[in-house]
Each structure stands twice: as structure tokens, then as C-alpha cells.
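Undergrad: Here you go, one structure.
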Amino acid sequence: QSPRACRLENLRAQEPVRRAEAEAGFTEVWDQDNDEFQCAGVNMIRHTIRPKGLLLPGFSNAPKLVFVAQGFGIRGIAIPGCAETYQTDLRRSQSAGSAFRDQHQKIRPFREGDLLVVPAGVSHWMYNRGQSDLVLIVFADTRNVANQIDPYLRKFYLAGRPEQVERGVEEWERSSRKGSSGEKSGNLFSGFADEFLEEAFQIDGGLVRKLKGEDDERDRIVQVDEDFEVLLPEKDEEERSRGRYIESESESEN
Amino acid sequence: GLEETICTLRLKHNIGRSERADVFNPRGGRISTANYHTLPVLRQVRLSAERGVLYSNAMVAPHYTVNSHSVMYATRGSARVQVVDNFGQSVFDGEVQEGQVLMIPQNFVVIKRASDRGFEWIAFKTNDNAITNLLAGRVSQMRMLPLGVLSNMYRISREEAQRLKYGQQEMRVFSPGRSQGRRE
Chain E
43 QSPRACRLEN LRAQEPVRRA EAEAGFTEVW DQDNDEFQCA GVNMIRHTIR
93 PKGLLLPGFS NAPKLVFVAQ GFGIRGIAIP GCAETYQTDL RRSQSAGSAF
143 RDQHQKIRPF REGDLLVVPA GVSHWMYNRG QSDLVLIVFA DTRNVANQID
193 PYLRKFYLAG RPEQVERGVE EWERSSRKGS SGEKSGNLFS GFADEFLEEA
243 FQIDGGLVRK LKGEDDERDR IVQVDEDFEV LLPEKDEEER SRGRYIESES
293 ESEN
Chain C
264 GLEETICTLR LKHNIGRSER ADVFNPRGGR ISTANYHTLP VLRQVRLSAE
314 RGVLYSNAMV APHYTVNSHS VMYATRGSAR VQVVDNFGQS VFDGEVQEGQ
364 VLMIPQNFVV IKRASDRGFE WIAFKTNDNA ITNLLAGRVS QMRMLPLGVL
414 SNMYRISREE AQRLKYGQQE MRVFSPGRSQ GRRE
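These protein sequence lines map, in sequence, to chains E and C. Just so we're aligned, residue 43 is where the first sequence starts under this note's numbering, counting upward by one. Just so we're aligned, residue 264 is where the second sequence starts under this note's numbering, counting upward by one.
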């Protein structure tokens with residue numbers, strides 16, 4: 043895109059221009075086409091996630107900094123090439139008669155006041171574990187060297203059918219003229235042929251439809267009904283007491 | 264010191280030889296990469312490349328390049344290729360034949376499956392350390408997510424989440440699969 047001169051004679055304090063409602067919260071975005079934002083090559087988003095709300099996994103073309111303005115929760119970042127270092131305790135799950143074993147990458151807790159980093163192209167999810175709303179202020183650097191596309195934030199979701207509110211007003215109006223404004227987009231699997239996904243994941247057609255979110259109207263923040271199970275180290279005190287238990291238990295072992 | 268450094272820089276690296284493949288599946292094919300680690304001069308030009316060979320009806324896992332665009336030139340055979348954008352819309356769904364070029368933008372997700380004749384390509388990438396992120400298979404985004412997150416993401420049972428996460432055992436290059444068998 044050809045660069046245009048920055049018009050910085052009159053700066054304005056700005057409010058979000060759009061809001062996308064979701065099952066367990068809402069997302070507000072500032073206008074990407076705004077002169078000041080375009081000049082600096084940045085974009086701002088605010089997520090409000092209700093208790094037991096899950097911000098669906100996705101990745102974007104620009105690195106982001108996230109400030110936790112309120113609440114606390116956990117998040118997972120899927121860093122390519124890194125191992126799934128959190129694993130089920132096999133002995134415990136067998137003795138509990140559980141058929142499920144799991145392993146995944148590190149889960150990171152966060153709380154009010156934390157600044158979180160999300161590298162470009164790396165997918166992440168966030169979950170509100172608290173009793174109050176979780177408020178996240180997201181800054182995206184769209185002119186960062188890591189972004190090689192245009193200076194607009196593009197979010198690629200792995201699930202759900204999120205509305206692409208990140209796009210600027212100009213693009214919004216363009217799509218509005220085509221009659222698609224406000225329509226739900228699909229997640230990134232929705233554009234692929236069923237047979238490709240069946241083969242790639244070795245799953246049946248029913249599961250492919252769920253992967254593509256065909257009957258799913260949920261936006262980017264979804265409500266978690268059942269207990270949200272992830273592998274997470276216990277708090278220090280519990281860990282210490284459990285450590286003593288393991289120590290005494292293994293005294294007779296080689 | 265130029266004659267000891269710049270003048271003696273290695274300016275070539277073979278990525279076509281099968282025995283040097285970085286990824287290899289005897290039923291699926293192979294992929295080799297040249298980046299600044301394997302050819303340091305690429306750091307100066309900020310480019311890298313990938314050579315791929317897919318055997319008959321084999322498939323490359325759904326993937327995207329984290330930090331670069333990819334320009335793929337088909338050197339032999341043909342493949343059905345699908346590319347999906349951030350709206351979840353298919354922006355390319357078609358056959359790529361020998362001699363054709365397809366540009367795949369950064370972060371756009373791509374799947375390719377070779378025809379009966381197989382498929383070979385060279386992809387040029389606009390980053391000296393292009394990183395590929397896989398969405399299915401033994402080392403992929405799905406494997407990195409907890410079962411609890413998967414079942415809530417897709418509103419599926421824990422059993423289904425386990426199938427989705429652990430169903431595909433291969434990595435990056437997949438052997439001709441179930442749907443291929445069904446077609447036959």
C-alpha cells in the first residue's frame with residue numbers, strides 16, 4: 043500500500059467504534075482506518091470476558107501487548123516447535139479409573155496489572171477464572187517487522203464463527219455495500235473441503251462439521267459450562283505438602 | 264577482511280537431494296528447507312526456500328507460515344490446493360499444475376494434496392527464517408491445546424476432543440488417507 047502523509051495537527055481522544063457481542067462477553071474495537079492509528083501503524087481492542095468465558099484460540103498477523111485491566115485468568119500460547127510439557131499423572135489417572143490422558147503446552151496464569159505478550163502468528167486462548175469480568179486492553183503493532191501483509195489487523199480463529207470487527211471502517215463499508223456487513227465469518231477450517239479435513243485429522247464427517255463450526259453461532263468469547271479441566275501446577279503450599287507426601291511414599295523405592 | 268568473509272560466503276545449497284530431507288514419510292513424500300541456519304547468506308537477503316515432493320495422493324498438513332509470504336512454483340506433477348483467509352473463506356481452491364505459480368499470503372492457511380502423478384514444488388519465502396505452523400498431526404496446534412479447551416471450543420465431548428487431538432499420528436507430510444481409499 044502506498045504510504046500517505048500523516049495528518050497530526052489535531053489529535054483526538056478516541057472511543058471504540060464497534061462492539062461485537064458474544065456468548066460470554068463482548069469485544070470493542072477502535073477504528074483501524076483512523077489517521078492517527080494508520081500513521082503509527084497500531085490498533086486497539088478491548089475484550090470484556092465474563093466469568094467462565096473463554097476467548098477462542100486464534101492468531102494474528104501482528105504482535106500484540108495485552109494489559110490486564112481487571113480480573114484474573116489463565117491462558118495458553120501454542121508456540122510452534124515447543125513440546126507439550128504439561129502431562130497427566132499416569133498413576134493418578136489410572137487409579138482414578140480415568141480413560142483420559144492429556145498433555146499440552148504450558149498454561150500461564152495472569153492477574154490484574156499484568157502485561158502479556160502475544161507474538162505474531164502464534165495462537166493463544168484466554169479464560170476468565172475469576173468471579174468478576176476480565177477486562178483486557180489489547181495493543182497491536184500492525185507495522186511491526188513481523189507483519190508482511192497490509193497494516194490492518196487480521197485475526198485467524200481456530201473455532202467459532204467470529205464477526206471480523208477488527209477490519210477498518212472503509213473495509214466495513216465496502217463489505218456493507220456487498221451486503222455482508224455484520225455477517226458472521228467462519229473459523230479458518232470453514233473454508234476447507236470436508237474430505238481434506240477428514241483426511242488431515244483422521245476424523246469422521248460429523249466431527250468435521252463441528253470443527254468448521256457449521257451449526258455454531260458463537261462469536262469469539264464462549265461460555266464454558268462444564269468444569270474447565272486443564273493441567274496446572276498446584277499453588278506453592280499445596281505443592282509443598284504434596285511434595286512431602288511423595289517423598290515419604292517413595293522412601294522404599296529405588 | 265572482505266576476502267575472508269563476504270568473498271568466501273557460501274552462495275549455494277542443494278535442497279533437492281532426497282537424502283538431505285528435513286521431513287520424510289516413505290508413503291507421503293519429503294520436504295527440505297534452506298534458511299539462514301543452513302545457508303548463512305540468506306540472512307543478508309532475508310529470504311528462504313522450501314523444496315517439497317509429495318508422492319501420489321499424499322497430503323501436506325494444513326499449515327500457515329507465521330512470518331512470511333510464500334510463492335510456490337510447481338516443478339512437477341499437480342496438486343489440488345486450498346487456501347483460506349482470516350474470514351474463513353476459501354481464496355483459492357483449484358489445481359496447481361507444473362509451471363504455475365501460487366502466492367500464499369502470510370498466515371493464510373493452506374492444504375495441498377497431490378494428484379495421482381504426485382507433486383513437486385519449490386516455495387520461496389520472504390523471511391530468512393520462515394516458520395511453518397501446523398494445524399493437524401503429531402506436532403500441531405491441536406496437540407498443544409488442552410482437551411478441556413478443545414471440547415469447549417467446538418462443543419464436542421471429551422471423547423471427540425481426544426479423537427480430534429490424537430487421531431492423526433503423522434507429521435507434516437501425510438500418507439494417502441481414508442478418503443483416498445474410499446474413492447478407490
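Note that CB positions come from ideal geometry on N, CA and C, so glycine has one too.
Check the C-beta distance from A393/C over to S295/C and give it rounded, since I have them as a contact under 8 Å.
TA: Within the second sequence, numbered from 1, the residue matching residue 393/C stands at position 130. Within the second sequence, numbered from 1, the residue matching residue 295/C stands at position 32. At roughly 13 Å, the Cβ-Cβ gap does not stay under 8 Å, so A393/C and S295/C are not in contact.
Undergrad: How many Å lie between I179/E and W384/C at the Cα?
TA: The sequence position of residue 179/E within the first sequence is 137, counting from 1. The sequence position of residue 384/C within the second sequence is 121, counting from 1. Straight-line Cα distance between these residues: approximately 43 Å.
Undergrad: Starting from G411/C and walking both ways along the alpha helix (DSSP H), at which residues does that stretch end?
TA: Here residue 411/C refers to the residue found at position 148 when the second sequence is read from its first residue. Note, G411/C: alpha helix (DSSP H), 410-417.
Undergrad: Nearest CA to the CA of V344/C: which residue from M434/C, R421/C, Q363/C?
TA: On the second sequence, residue 344/C is found 81 positions in, with the first residue counted as 1. It is Q363/C whose Cα lies nearest to the Cα of V344/C.
Undergrad: Skipping 5 residues on each side, what residues in its chain have a beta carbon closer than 6 Å to that of A64/E?
TA: Looking up residue 64/E in the first sequence gives position 22. For A64/E, where only same-chain residues beyond five positions count, the Cβ hits under 6 Å are D261, R262, I263.
Undergrad: Please return the same chain residues whose Cβ sits closer than 7 Å to the Cβ of K106/E, not counting the five positions on each side in sequence.
TA: Counting from 1 along the first sequence, the entry for residue 106/E is found at position 64. Cβ neighbours of K106/E beyond the five flanking positions: V160, V180, F181, A182.
Undergrad: What residues match up with W167/E in a beta bridge as DSSP calls it?
TA: Numbered from its first residue, the first sequence carries residue 167/E at position 125. G118/E, per the DSSP bridge assignment.
Undergrad: Taking 7 Å as the limit between beta carbons, can you name the residues of its chain near N189/E, skipping five residues before and five after?
TA: Position 147 of the first sequence, counted from the first residue, corresponds to residue 189/E. These residues qualify, in order along the chain: N103, A104, A162.
Undergrad: Count the other CB atoms, across all protein chains shown, that sit within 10 Å of the CB of R61/E; report buried if there are 16 or more and exposed otherwise.
TA: In the first sequence, residue 61/E corresponds to position 19, counting from 1. With fewer than 16 other Cβ atoms within 10 Å, it is exposed.
Undergrad: Less than 8 Å between the CB atoms is what I'm expecting for N229/E and Y199/E, so what's the real figure, rounded?
TA: Taking the first residue of the first sequence as position 1, residue 229/E is located at position 187. Taking the first residue of the first sequence as position 1, residue 199/E is located at position 157. Their Cβ separation, rounded to whole angstroms, is 5 Å, which keeps N229/E and Y199/E in contact under 8 Å.
Undergrad: What does the alpha-carbon distance come out to for the pair Y336/C and H146/E?
TA: Locating residue 336/C in the second sequence gives position 73, where the first residue counts as 1. Locating residue 146/E in the first sequence gives position 104, where the first residue counts as 1. Each residue's Cα considered, the two are about 36 Å apart.
Undergrad: Closer than 7 Å by beta-carbon distance: list the chain C residues that pair up with S227/E, in chain order.
TA: One-based indexing of the first sequence puts residue 227/E at position 185. Here the neighbours are F350, G351.
Undergrad: Check whether the Cβ of N277/C lies closer than 8 Å to any Cβ atom in chain E.
TA: Against the second sequence, residue 277/C aligns to sequence position 14. Judged by the 8 Å Cβ criterion, N277/C is not in contact with chain E.
Undergrad: For H146/E, go through chain C and note every residue whose CB falls closer than 7 Å to its CB, in chain order.
TA: Here residue 146/E refers to the residue found at position 104 when the first sequence is read from its first residue. Chain C residues near H146/E: M407, L408, P409.
Undergrad: Between the stretch 312-326 of chain C and the stretch 351-369 of chain C, do three or more beta carbon pairs fall short of 8 Å?
TA: Not touching, per the Cβ criterion.
Undergrad: In this structure, what does DSSP give as the bridge partners for F198/E?
TA: If you number the first sequence from 1, residue 198/E lands on position 156. Looking at the DSSP assignment, F198/E forms a beta bridge with F101/E.
Undergrad: Given a threshold of 16 other Cβ atoms within 10 Å of its Cβ, counted over all protein chains shown, does G221/E qualify as buried or as exposed?
TA: For the purposes of this step, residue 221/E is identified with residue 179 of the first sequence, where counting begins at 1. A caution first: G221/E carries a pLDDT of 47, below 50, which makes its placement in the model unreliable, though a value can still be read off. Exposed is the call here.
Undergrad: Under the rule that 16 or more other beta-carbon atoms within 10 Å means buried, what is E433/C, buried or exposed?
TA: Taking the first residue of the second sequence as position 1, residue 433/C is located at position 170. Buried is the call here.
Undergrad: For a contact meaning CB atoms closer than 9 Å, what does K197/E contact in chain C?
TA: Within the first sequence, the letter at position 155 stands for residue 197/E. N349, listed in chain order.
Undergrad: Closest to G123/E by CA distance: which of L50/E, Q80/E, S165/E, E240/E is it?
TA: As a working note, residue 123/E is residue 81 in the first sequence. It is S165/E.
Undergrad: Please state whether the Cβ-Cβ distance between A386/C and V334/C is less than 8 Å.
TA: Here residue 386/C is taken as the residue at index 123 of the second sequence, counted from 1. Here residue 334/C is taken as the residue at index 71 of the second sequence, counted from 1. Their beta carbons are under 8 Å apart, which means A386/C touches V334/C by this criterion.
Undergrad: Listing by chain order, which chain C residues have their CB less than 7 Å from the CB of V266/E?
TA: In the first sequence, counting from the first residue as 1, residue 266/E sits at position 224. The contacting residues are N415.
Undergrad: Spatial neighbours of A284/C within its chain, please: C-beta separation below 6 Å, excluding the five flanking residues on both sides.
TA: Sequence index remark: in the second sequence, residue 284/C carries index 21 (1-based). Once the five neighbours on either side are set aside, the close Cβ partners of A284/C are R293, S295.
Undergrad: Express the C-alpha separation of N186/E and L397/C in angstroms, rounding to a whole number.
TA: In the second sequence, counting from the first residue as 1, residue 397/C sits at position 134. In the first sequence, counting from the first residue as 1, residue 186/E sits at position 144. Answer to the nearest angstrom: the Cα atoms are 23 Å apart.
Undergrad: By DSSP, does L50/E sit in helix, in strand, or in coil?
TA: Here the question's residue 50/E lines up with position 8 in the first sequence. DSSP places L50/E in coil when its eight states are reduced to three.
Undergrad: Quick check on the burial criterion: 16 or more other C-beta atoms within 10 angstroms. Buried or exposed for T90/E?
TA: For this step, residue 90/E is matched to residue 48 along the first sequence. T90/E should be labelled buried.
Undergrad: Going along chain C in order, which residues have a C-beta closer than 7 Å to the C-beta of N52/E?
TA: Looking up residue 52/E in the first sequence gives position 10. None at all; the shortest Cβ gap to chain C is about 33 Å.
Undergrad: So, do the stretch 114-132 of chain E and the stretch 72-82 of chain E have three or more beta carbon pairs nearer to each other than 8 Å?
TA: Touching, no.
Undergrad: Give a yes or no on whether the minimum CB-CB distance between A399/C and chain E is below 8 Å.
TA: On the second sequence, residue 399/C is found 136 positions in, with the first residue counted as 1. Yes - at least one Cβ of chain E is within 8 Å of the one on A399/C.
Undergrad: Opposite I269/C in the DSSP bridges: which residues?
TA: In the second sequence, residue 269/C corresponds to position 6, counting from 1. Paired residues: none, contrary to the question.
Undergrad: What do you get for S281/C, buried or exposed, if any count of 16 or more other CB atoms within 10 angstroms of its CB means buried?
TA: On the second sequence, position 18 is the one that residue 281/C refers to. With fewer than 16 Cβ atoms within 10 Å of its Cβ, S281/C is classed as exposed.
Undergrad: Is the stretch 149-160 of chain E touching the stretch 111-119 of chain E in the sense that three or more CB pairs, one from each, lie closer than 8 Å?
TA: Yes, since at least three Cβ pairs between the stretch 111-119 of chain E and the stretch 149-160 of chain E fall closer than 8 Å, the two stretches touch.
Undergrad: By how many angstroms is the C-alpha of G291/C removed from the C-alpha of S223/E?
TA: Residue numbering aside, residue 223/E sits at position 181 when the first sequence is read from its first letter. Residue numbering aside, residue 291/C sits at position 28 when the second sequence is read from its first letter. Note on S223/E: pLDDT 47, under 50, position unreliable in the model; the coordinate value appears next. So the two alpha carbons sit approximately 42 Å from each other.
Undergrad: In whole angstroms, give me the CA-to-CA distance for P439/C and G411/C.
TA: As a working mapping, residue 439/C is identified with position 176 in the second sequence. As a working mapping, residue 411/C is identified with position 148 in the second sequence. When rounded, the distance between both Cα atoms is 31 Å.
Undergrad: On the premise that A201/E lies in contact with L317/E, defined as a C-beta separation below 8 Å, what is that separation, rounded to the nearest angstrom?
TA: Because chain E spans 43 through 296 in this model, residue 317/E falls outside it and cannot be assessed.
Undergrad: Let me know the alpha helix (DSSP H) ranges lying completely inside the stretch 360-439 of chain C, each 4 residues or longer, listed in chain order.
TA: Correct list: 404-407, 410-417, 421-429.
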